[in-house]
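Engineer: So the sequence lines, in the order shown, correspond to chains U and D. Residue numbering for the first sequence follows this note's numbering, starting at 595 and increasing by one per position. Residue numbering for the second sequence follows this note's numbering, starting at 25 and increasing by one per position. Quick reminder that beta carbons are idealized off the backbone N, C-alpha and C, glycines included. Next up is a structure, given as structure tokens.
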Amino acid sequence: MRMPKTLISAASAVVIVLGGGSMTAAQAAEGEDQARIIQEGKKIAFHRKKGNCLACHAIEGGRLPGNIGPPLVNMKERFPDKAKLRAQIWDATVNNPNTIMPPFGKHGILTEQEIDKVVEFIYSL
Amino acid sequence: MRKLLALTFSLAIGGFVMGPAQADPADDLAAFQNYFKQKFPEVPFQDFANGVYAIDPASRAQWEAIEEFPPYEIAIEEGERLFNIPFKNGKTYADCFENGGIGIAQNYPYFDDERKEVITLPLAINECRVQNGEKPLPYKKGKLASILAYMVYTSRGNVIDVKIPSLSARDAYEKGKQSYYARRGQLNMACAHCHVDNAGRRIRADLLSPALGHVTHFPVYRSKWGELGTLHRRFAGCNKQVRAKPFKAQSEEYRNLEYFLTYMSNGLEINGPGARK
């Protein structure tokens, strides 16, 4: 369950590709949008009164994380299906009835839109 | 959900399955204490009375330095003074308690079979006041916490030995136990999630203390509070953390919870008042 530290630092090597030589203007605009959504998702995930994911998970860019849950790294590999990632955040008790992870969607801790943004951020890790 | 918590817990200690409702309190107690002994094999049993400092050498040194000039010392003196001031009718607290109230904290909480309820020491202090024509004191802090600090201080080293003497007592115990393993609040967490399953892990920067030993050192001086607080004040704080509505201090709910939690610490010595961050 717990991932080695090397994986965390490996995550820092994952870079979001935003601009590219051969992009159209529309693609570039979409990329900027996506970057903004990820940024907003990060804010929500780190905010103590919102996601507060750092209470339990090490996440690249977050200080003093807890270690109750696994570090959130390599998320595209862990969750090839993005919907499954969303479902984990929406209600973690479906996968593990005894989980300590709060059901962010089911209990209205975050709005659906906030969860969408958090998913984009987590998926970028 | 509670079943599952109890399940992981008993699996962890040996592989036999027991639902919380069927288990005998004595079996609960053995399973509970063994779980923590196995989880923290390097911690001597009595040291569980020291909370996070029993499992975190880094913060222990700092805490030991604080204990050299304990921040609760003034409260003990204040408590002793208050304890000895006679009520308007001439009687004193000493008249209400066994052994004049000295060295008796380990006998609380107990189940009163006539009243069919759990009697905690703070409750007994206020009932003593009321019987003698005085007003009850607020339960979470202040004068009552000081009186408690004095009474607990005179009980240091005495061993907790809570009994469950009857079926009604057993009922109160089961309610307290249920309460400990029940999910609550918007964040959907049980006490046991943090202090059993994840004891020793960090929630953000805070190390989670084992439930074993949680009751030995109250009232406690918390630097966060800047003053003394009672056990039920702490319960309420932990309820609020998960965005659950806390119960009232000395409500039946919290007294049952204290009954269960104290029974789980049977065998540990009273070491209050304590200091925590």
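Quick one: list the residues of chain D neighbouring Leu-648/U, beta-carbon separation under 7 Å, in chain order.
Structural biologist: Under the 7 Å cutoff, chain D gives Arg-228.
Engineer: Measure the alpha-carbon distance for Pro-68/D versus Asn-74/D and round it to whole angstroms.
Structural biologist: 11 Å
Engineer: Just mark Ile-98/D as buried or exposed, buried being the case when its beta carbon has 16 or more other beta carbons within 10 Å.
Structural biologist: exposed
Engineer: Rounded to a whole number of angstroms, what is the C-alpha to C-alpha distance between Lys-700/U and Glu-671/U?
Structural biologist: Straight-line Cα distance between these residues: approximately 25 Å.
Engineer: Residues in the same chain with beta-carbon distance under 7 Å from Ser-170/D, minus the five sequence neighbours each way, listed in chain order, please.
Structural biologist: Ala-99, Glu-102, Gly-103, Leu-106, Leu-252
Engineer: What residues of chain D sit near Ile-703/U, judged by a beta carbon separation below 8 Å?
Structural biologist: Gln-210, Leu-211
Engineer: CA-CA distance, Lys-636/U and Ile-694/U?
Structural biologist: 21 Å
Engineer: Enumerate, from N- to C-terminal direction, the unbroken alpha helix (DSSP H) stretches of 4 or more residues contained entirely within the stretch 55 to 128 of chain D.
Structural biologist: The stretch 55 to 128 of chain D is shown to contain whole alpha helix (DSSP H) runs of 4 or more residues at 81 to 92, 97 to 108, in chain order.
Engineer: What are the boundary residues of the alpha helix (DSSP H) that includes Tyr-197/D?
Structural biologist: 191 to 205
Engineer: State buried or exposed for Leu-658/U, treating a residue as buried only when at least 16 other CB atoms are found within 10 Å of its CB.
Structural biologist: exposed
Engineer: For Ile-227/D, which residues in the same chain have their Cβ closer than 8 Å to its Cβ, ignoring the five residues on either side in sequence?
Structural biologist: Non-local beta-carbon contacts of Ile-227/D in its own chain, meaning distances under 8 Å to residues more than five positions away in sequence, involve Cys-218 in chain order.
Engineer: Within its chain, find whatever has a CB closer than 7 Å to the CB of Leu-255/D; leave out the 5 residues flanking it on each side and keep chain order.
Structural biologist: Val-239, Phe-242, Glu-282
Engineer: When you check each C-beta in the stretch 655 to 674 of chain U against every C-beta of chain D, which residues fall closer than 8 Å?
Structural biologist: Cβ proximity to chain D below 8 Å picks out Leu-658, Pro-659, Gly-660, Asn-661, Ile-662 from the stretch 655 to 674 of chain U.
Engineer: Would you list, in chain order, the members of the stretch 76 to 107 of chain D that have their beta-carbon closer than 8 Å to a beta-carbon of chain U?
Structural biologist: none
Engineer: Residues of the stretch 625 to 644 of chain U in Cβ contact with chain D at a cutoff of 8 Å, in chain order, please.
Structural biologist: none
Engineer: Out of Leu-147/D, Leu-292/D, Gly-250/D, Gly-224/D, which one is the CA nearest neighbour of Ile-79/D?
Structural biologist: Gly-224/D
Engineer: Secondary structure at Leu-172/D, three-state DSSP: helix, strand or coil?
Structural biologist: In the three-state reduction of the DSSP assignment, Leu-172/D falls in the helix class.
Engineer: Leaving aside the five residues before and after Asn-155/D along the sequence, list all residues of the same chain whose C-beta is less than 8 Å from its C-beta, in chain order.
Structural biologist: In the sequence as presented, Asn is not what sits at residue 155/D; that position holds Gln. Answer for Gln-155/D: Cys-120, listed in chain order.
Engineer: Output yes if chain D places a C-beta closer than 8 Å to the C-beta of Ile-683/U; else output no.
Structural biologist: no
Engineer: What does Ile-694/U touch in chain D if you count any residue whose Cβ is under 7 Å from its own?
Structural biologist: Met-213, His-217, Asp-221, Asn-222
Engineer: When you compare only the Cα positions, how much space is there between Ile-294/D and Ile-653/U?
Structural biologist: 41 Å
Engineer: Counting only the same chain and skipping the five closest in sequence on each side, list residues whose C-beta sits under 8 Å from that of Lys-248/D.
Structural biologist: Closer than 8 Å at the Cβ level, and outside the excluded window around Lys-248/D, lie Lys-301.
Engineer: Would you check whether ligand 1 has a heavy atom nearer than 7 Å to the C-beta of Glu-714/U?
Structural biologist: Although ligand 1 was asked about, the structure shown includes no ligands whatsoever.
Engineer: Drop a sphere of 10 angstroms on the beta-carbon of Leu-666/U, count the other beta-carbons inside from all chains shown, and report buried for 16 or more, exposed for fewer.
Structural biologist: buried
Engineer: Between the Cα of Ala-54/D and the Cα atoms of Lys-115/D, Met-288/D, Gln-274/D, Gly-298/D, which residue gives the shortest distance?
Structural biologist: The closest CA to that of Ala-54/D, considering only Lys-115/D, Met-288/D, Gln-274/D, Gly-298/D, is found on Met-288/D.
Engineer: Given a cut-off of 8 Å on the beta-carbon distance, is the pair Gly-124/D and Ala-118/D in contact?
Structural biologist: yes
Engineer: Taking C-alpha atoms, which residue in Asn-212/D, Phe-284/D, Glu-88/D lies nearest to Ile-143/D?
Structural biologist: Phe-284/D
Engineer: According to DSSP, is Gly-253/D part of a helix, a strand, or is it coil?
Structural biologist: strand
Engineer: Using 8 Å as the limit for Cβ to Cβ distance, is Arg-194/D near chain U?
Structural biologist: no
Engineer: Does Val-41/D have its Cβ less than 8 Å from a Cβ in chain U?
Structural biologist: A caution first: Val-41/D carries a pLDDT of 38, below 50, which makes its placement in the model unreliable, though a value can still be read off. It does not: the Cβ of Val-41/D has no partner Cβ on chain U nearer than 8 Å.
Engineer: Indicate the three-state DSSP secondary structure (helix, strand or coil) for Asp-51/D in the structure shown.
Structural biologist: helix
Engineer: In the DSSP assignment, find the unbroken alpha helix (DSSP H) run with Val-154/D in it and report its ends.
Structural biologist: Its alpha helix (DSSP H) spans residues 145 to 155.
Engineer: Check the Cβ of Arg-225/D against every Cβ in chain U and list those closer than 8 Å, keeping chain order.
Structural biologist: For Arg-225/D, the C-beta contacts it makes with chain U under 8 Å involve Gly-660, Asn-661, Ile-662, in order along the chain.
Engineer: Nearest to Ile-109/D by CA position, among Arg-153/D, Gln-130/D, Ser-192/D, is which residue?
Structural biologist: Arg-153/D
Engineer: To the nearest angstrom, how far is it from the Cα of Ala-649/U to the Cα of Arg-84/D?
Structural biologist: 22 Å
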